[in-house]
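For the sequence shown, UniProt numbering gives the first residue as 1, with consecutive numbering after it.
Cβ atoms here follow ideal geometry from the backbone N, Cα and C, with glycine treated the same way.
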Amino acid sequence: MKKEKRIFGKALMILSLLFFYIPILYMIVFSFNSGRSLTNFEGFSLTWYEHMFKNRDMMESLYTTITIALIATLVATLLGTISAIGLSKSRKFLKSFVLQLNDFPIMNPEIVTAIGFMLLFITFHIERGFMTMLLAHIAFCTPYVILSIMPKIRSLDPNLADAAMDLGATPWQALTKVLVPQIMPGIFSGALIAFTMSFDDFIISYFVTGGGVKNLSIMVYTMSKRINPSINAISTLVVVLITIVLVIINVIPIIRERKEKKHEKNIN
């Protein structure tokens, strides 16, 4: 009975992986198709990659996407880290109240958040474009950073910063040399989630943009209305970029651990 359950579990896992990854593999293969067909592979070619790099709108949308994702990630990570540390030192009622408010943007349907941002910018007569999209991305990314850091802060000794200051550290040194290194895994995971959320956002971006400013999601949406295999090319490029980032993120900690072990062995 146990063997049957294990076999069923493995089969289900394999089917789930195939369900998620076969469309991506299909897209990558057809990005090298020489013809316009999205169902019949006519031959290997880099034609659609050439079209992609020559398409000014597509390159601008890619640049806008990366720029907004990077800036939003940096600002949201900074705000989220400061907020999480501040909440850890706040009163129980205030901390509980703020954390509940922090959960609203995460639990809300994106369409509700998008309409809310749009109405906010319209009410204050703010011209929609790059800046409004950036502000919206920072706003919806920050709660994810706080949510990632808070569990790490809860696991720390609440007197850690006080102990560091008793030993001669300034408040700034206690923050940067004691607290932040301890919660770095939470900061790192929060930044990664923020970057991912910003990079692939469509609904909120669509409602808060204007003036011809488009991110990659909006560009792909407008291109999907007509058959254009360049979509496969730029989507493949995005998959490759994200894969490289994920590999680097996972490899760096392993390299650090090995260096630390070698250093410890040399000391001993």
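Cβ-Cβ distance between residue i and residue j below 8 Å
i	j	result
Val213	Gly116	no
Phe140	Val208	no
Ile149	Gly190	yes
Asn102	Pro143	yes
Met52	Ala233	yes
Ser205	Ile187	no
Ala69	Ser198	yes
Ile248	Leu192	no
Ile203	Ile85	no
Asp46	Phe30	Checking the displayed sequence, the identity of residue 46 turns out to be Leu instead of Asp. Cβ atoms of Leu46 and Phe30: not closer than 8 Å.
Gly43	Ser34	yes
Residue i - DSSP class collapsed to helix/strand/coil
i	result
Gly232	Sequence check: residue 232 is Asn here, not Gly. It is helical.
Asn266	helix
Asn102	helix
Phe44	strand
Asn250	helix
Pro109	coil
Ser88	helix
Pro158	coil
Lys261	helix
Gly9	helix
Leu15	helix
Arg128	coil
Val213	coil
beta-carbon residue i near the ligand FAD non-hydrogen atom, thresh 7 Å
i	result
Thr47	Ligands displayed in this structure: none; no statement on the ligand FAD is therefore possible.
Closest residue to residue i among the options (Cα-Cα distance)
i	options	result
Met27	Val239, Lys265, Ile248	Val239
Ile153	Val178, His137, Met131	Val178
Ala194	Thr47, Ala114, Thr81	Thr81
Ile138	Asn266, Val245, Leu79	Leu79
Pro109	Thr67, Gly168, Asp201	Asp201
Met184	Val145, Thr170, Met118, Val220	Val145
Pro181	Leu192, Asp166, Leu160, Thr196	Leu160
Trp48	Pro229, Lys261, Val251	Pro229
Met133	Phe104, Pro105, Thr64, Thr77	Thr64
Thr73	Ser31, Leu135, Phe97, Leu167	Leu135
Sheet register partners of residue i (DSSP bridge)
i	result
Asn33	Phe44
Every unbroken alpha helix (DSSP H) within the stretch 168-209, with a cutoff of 4 residues, ordered by chain:
Here the runs fully enclosed are 180-199, 203-208.
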